[in-house]
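A.B. asks: Below are the structure tokens for one structure; questions will follow.
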Amino acid sequence: MRILLVEDNAALAEGLVAILRGSGYAVDLVGDGASAEAVAAAENYDLVILDLNLPEMDGLDVLRSMRARQNRAAVMILTARGTPEERVRGLDLGADDYLIKPFDISEFEARVRVLLRRQAGLRSSIVTFGGVTFDLTSRTFSDGLVPLDIPAREVALLELLFLRAGKVVSKEAINTSLTGFDDELSPNAIEQYVSRLRRRLTAHGLTVRTARGIGYYLEKLAAE
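Numbers 55 to 278, taken from my numbering, label the letters of the sequence shown in order.
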């Protein structure tokens with residue numbers, strides 16, 4: 055899943071990017087409101103984490119512009135502006151959550167998971183397809199009690215396919231969801247990730263099928 059972080063405090067931004075990328079998310083970072091508005095209009099994000107006190111353009115104006123364009127990304131406001139009036143205004147403009155600085159990192163991570171789960175249309179943090187279970191909280195896959203040993207980039211790919219099980223996910227959507235500004239996957243690289251993931255899943259009753267010229271989809275293997 056792809057996240058846009060809008061934060062002008064360099065030290066805080068660097069720390070949050072490290073935390074989010076460490077959890078396997080693709081993260082883009084901008085430090086001013088005008089850039090945030092432009093990037094949010096041009097790219098597709100599952101979640102935007104938005105400071106309010108930004109250079110060039112206030113965060114609430116960025117939020118207003120996003121919702122006026124029918125941008126449906128989840129938005130978490132992350133700010134020191136925490137009066138009841140500010141919170142009400144942000145929520146009324148279309149924010150999905152409002153976290154006041156300073157904050158506890160574990161709470162921040164939990165709120166990110168909740169928003170991404172909601173964005174994916176899930177009520178539970180546990181999703182099962184075939185005999186494989188995905189825990190969105192720990193971002194781990196397991197077959198019964200046996201965890202699947204999957205590298206981080208393949209976990210992100212399997213998560214994308216898993217949450218859309220049975221539906222074709224385009225190569226463009228895979229590239230967008232798994233990468234940030236400075237990290238683009240070639241079609242060959244995507245195919246390599248898919249091939250490795252396909253080999254890992256076979257023993258667990260799942261496979262990744264190719265919709266030629268379009269993308270890939272997750273499917274249950276027929277019982278022998």
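Where is the CB? At the ideal position from N, CA and C, for every residue including glycine.
To which residues does DSSP link K274 through a beta bridge?
C.D. replies: To locate residue 274, count along the sequence shown from 1; it is residue 220. K274 is bridged to L260.
A.B. asks: Do L101 and A128 have their beta-carbon atoms positioned less than 8 Å apart in this structure?
C.D. replies: Stepping through the sequence shown from its first residue, residue 128 is reached at position 74. Stepping through the sequence shown from its first residue, residue 101 is reached at position 47. Closer than 8 Å, so yes.
A.B. asks: Going along the chain, which residues of its own chain have a beta-carbon closer than 7 Å to the beta-carbon of R250, five neighbours each way excluded?
C.D. replies: Your numbering for residue 250 matches position 196 in the sequence shown. So the qualifying residues of the chain are E208.
A.B. asks: Can you check DSSP and say which residues form a bridge with T56?
C.D. replies: Looking up residue 56 in the sequence shown gives position 2. Residue identity check: residue 56 is Arg in the sequence provided, not Thr. R56 pairs with A80.
A.B. asks: Quick test of your reading: L108 and G184, contact by CB under 8 Å. State the CB separation rounded to the nearest angstrom.
C.D. replies: What you label residue 108 is simply residue 54 of the sequence shown in a count that begins at 1. What you label residue 184 is simply residue 130 of the sequence shown in a count that begins at 1. Not confirmed; about 45 Å, so no contact.
A.B. asks: Determine, using beta carbons only, whether M111 and A88 come nearer to each other than 8 Å.
C.D. replies: In the sequence shown, residue 111 corresponds to position 57, counting from 1. In the sequence shown, residue 88 corresponds to position 34, counting from 1. Result yes, Cβ atoms of M111 and A88 sit closer than 8 Å.
A.B. asks: Can you tell me whether T191 is helix, strand or coil according to DSSP?
C.D. replies: On the sequence shown, residue 191 is found 137 positions in, with the first residue counted as 1. Coil, per DSSP.
A.B. asks: Got a sec, what are the start and stop residues for the beta strand (DSSP E) M111 sits in?
C.D. replies: On the sequence shown, position 57 is the one that residue 111 refers to. From DSSP, M111 is part of no beta strand (DSSP E); its letter is neither H nor E.
A.B. asks: Could you check if T264 belongs to the surroundings of the ligand NAD, using beta carbon to heavy atom distance under 7 Å?
C.D. replies: Of ligands this structure carries none, so the ligand NAD is not represented either.
A.B. asks: With three or more C-beta pairs closer than 8 Å as the rule, is the region 188-198 touching the region 221-228?
C.D. replies: With the cut-off at 8 Å, the region 221-228 and the region 188-198 do not touch.
A.B. asks: Below 8 Å between beta carbons: does that hold for E169 and G144?
C.D. replies: Residue numbering aside, residue 169 sits at position 115 when the sequence shown is read from its first letter. Residue numbering aside, residue 144 sits at position 90 when the sequence shown is read from its first letter. Inspection of the sequence shows that residue 169 is occupied by Leu rather than by Glu. Not in contact: L169 and G144 (Cβ atoms no closer than 8 Å).
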